[in-house]
Amino acid sequence: MENKNEFLALLTTAFQCEYNDVFLYLREAALFRRKIVDGERIAAAFEKFSQMELRHADRVSMKILEMGKIPRWEFKPLETEPSLHKVLQKHMSEEFAAYNLYGKLIEAADDHDFKIVLKGIREDEKEHLVKMRELLKKLPPARKP
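Everything in the sequence shown is counted per the numbering used here, starting at 67 for the first residue and increasing by one.
Here you go:
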């Protein structure tokens, strides 16, 4: 990448997205466990995603530190969608955006070893996207208001 600051900005965006998802997935897991039939299965998947997102945030934050900066996370209120259908659709959109973001980071990275890390994270994001699609397909059709 032409500019170290641009690369750091992409890393910071990735860090913030990953860290937000850690908490959002846990919140939604608890909600689905209590509120829906077969919620345990979905909650377990979301808890796994949360753990993966935490590992991603950790790896990205280590690179930010290595580059001489301090990873910063800006708290944003977590917004949970009113239905499981909408939650899954929102996560599909966010996972797709994360997949694309990691593609940009891979292209921009000069460090070969870190490129490998980024490729692994991007594959995890792809796995999340596939799992969201599977969960969405297994749901009964959404009710019309």
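Backbone N, C-alpha and C define an ideal beta-carbon position, used for all residues, glycine too. Bear in mind the structure is a predicted one, so any value in this text is a computation, not a measurement.
- Annotation: LYS156 to LEU131 spans about 31 Å, alpha carbon to alpha carbon.
- At the C-beta level, GLU106 and ARG99 come within 7 Å of one another.
- Short of 7 Å from the beta carbon of LYS185, and not among the five residues preceding or following it, lie these beta carbons of its own chain, in chain order: ILE172.
- Here LEU90 has LEU144 as same chain residues with Cβ atoms under 6 Å from its own Cβ, once five neighbours each way along the sequence are excluded.
- Distance from the CA atom of ARG121 to the CA atom of PRO207, rounded to whole angstroms, is 34 Å.
- If you keep only unbroken alpha helix (DSSP H) runs of at least 4 residues inside the stretch 101-185, you get 105-132 and 150-174.
- Under the three-state reduction of DSSP output, ASN69 falls in the coil class, being neither helix nor strand.
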